[in-house]
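Residue numbers (this note's numbering): 1 to 238.
Here is the structure:
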């Protein structure tokens, strides 16, 4: 219990300080700390819903935290042999971030530009997925939520990123490797498409967090031990 309280305090104090510092930059200052805090809190709660865990439990499956990598994301759901549940986990994890951003856009009062508010919502929706309070701050790895965010913030970048992931995964059958390459493709896509600099800065910070969550995958990749996903049987191959 003490460990959980410490983690919770550390996370929420850190999040509050991040938001406070953000509100004191010229780009975000006009919106006010109170408004952005409300957006951040709602986005965090939306992002913290562990759909993979809920779906597998609802349909009588194993606790994802005791299967495969122990992760609550779509890739680990696929390791249980349930392709449909894996698909809906992927979809819902993307949609929860997209919904947070959509709501942020539509609650921003005119004449303010909603884009900075959308960035705040995207950040905290992803943080909710990575560090959900309901699971002692042990969440997913953020790929689907990042994808949903990118589609809302710049759908061409989101489409290119998704295409990159599908292409690399189709060749290698390694989900984490496909994710790494897709992440690296985002700055290139942003440059070629001339997207706002704020999107590049935002994604750089988010990518850093996502890569930290994938540190074990990165270690296994460098050792040549990362498991492949065999879609024909929905189990990881040797």
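A virtual CB, placed ideally from N, CA and C, is assigned to each residue, including glycine.
Own chain residues within Cβ distance below 6 Å of residue i, not counting five before or after
i           : result
residue 220 : 226
residue 129 : 47, 139, 140, 142, 145
residue 202 : 119
residue 216 : none
Member of the options whose CA lies at the smallest distance from the CA of residue i
i           : options           : result
residue 188 : 200, 179, 178     : 200
residue 133 : 32, 196, 50       : 50
residue 53  : 66, 182, 44       : 66
residue 40  : 83, 216, 18       : 18
residue 196 : 169, 154, 160     : 154
residue 152 : 171, 119, 45, 135 : 119
residue 58  : 88, 169, 45       : 88
residue 161 : 135, 137, 190     : 190
residue 8   : 136, 224, 69, 26  : 136
residue 20  : 36, 11, 10        : 36
Within 8 Å, strictly: CB atoms of residue i and residue j
i           : j           : result
residue 104 : residue 114 : yes
residue 108 : residue 117 : yes
residue 74  : residue 86  : yes
residue 183 : residue 207 : yes
residue 173 : residue 126 : no
residue 43  : residue 121 : yes
residue 198 : residue 27  : yes
residue 82  : residue 61  : yes
residue 193 : residue 156 : yes
residue 79  : residue 68  : yes
residue 131 : residue 6   : no
Own chain, CB closer than 8 Å to residue i, minus 5 neighbours either side, in chain order
i           : result
residue 214 : 141, 176, 179, 180
residue 29  : 23
residue 32  : 23
residue 63  : 53, 56, 57
Close Cβ partners of residue i (< 7 Å) along its chain, the five nearest in sequence each way excluded
i           : result
residue 158 : 147, 150, 151
residue 4   : 136
residue 185 : 160, 161, 164
residue 169 : 175, 178
residue 102 : 152
residue 45  : 128
**Prompt:** Does the segment 161-176 come close enough to the segment 93-102 that 3 or more CB-CB pairs lie under 8 Å?
**Reply:** No, the segment 93-102 does not touch the segment 161-176.
**Completely contained alpha helix (DSSP H) runs for the segment 55-96, where each covers 4 or more residues** = Annotation: the segment 55-96 contains the following complete segments of the alpha helix (DSSP H) (minimum length 4 residues), in chain order: 74-78.
**Message:** As an exercise, report each continuous beta strand (DSSP E) stretch of at least 3 residues that is fully enclosed by the segment 112-140, in chain order.
**Reply:** You should have found no qualifying run.
**Message:** Ignoring anything shorter than 4 residues, give me the alpha helix (DSSP H) runs that lie fully in the segment 172-234, in order along the chain.
**Reply:** Counting only runs of 4 or more, we get 175-193, 197-213, 215-223.
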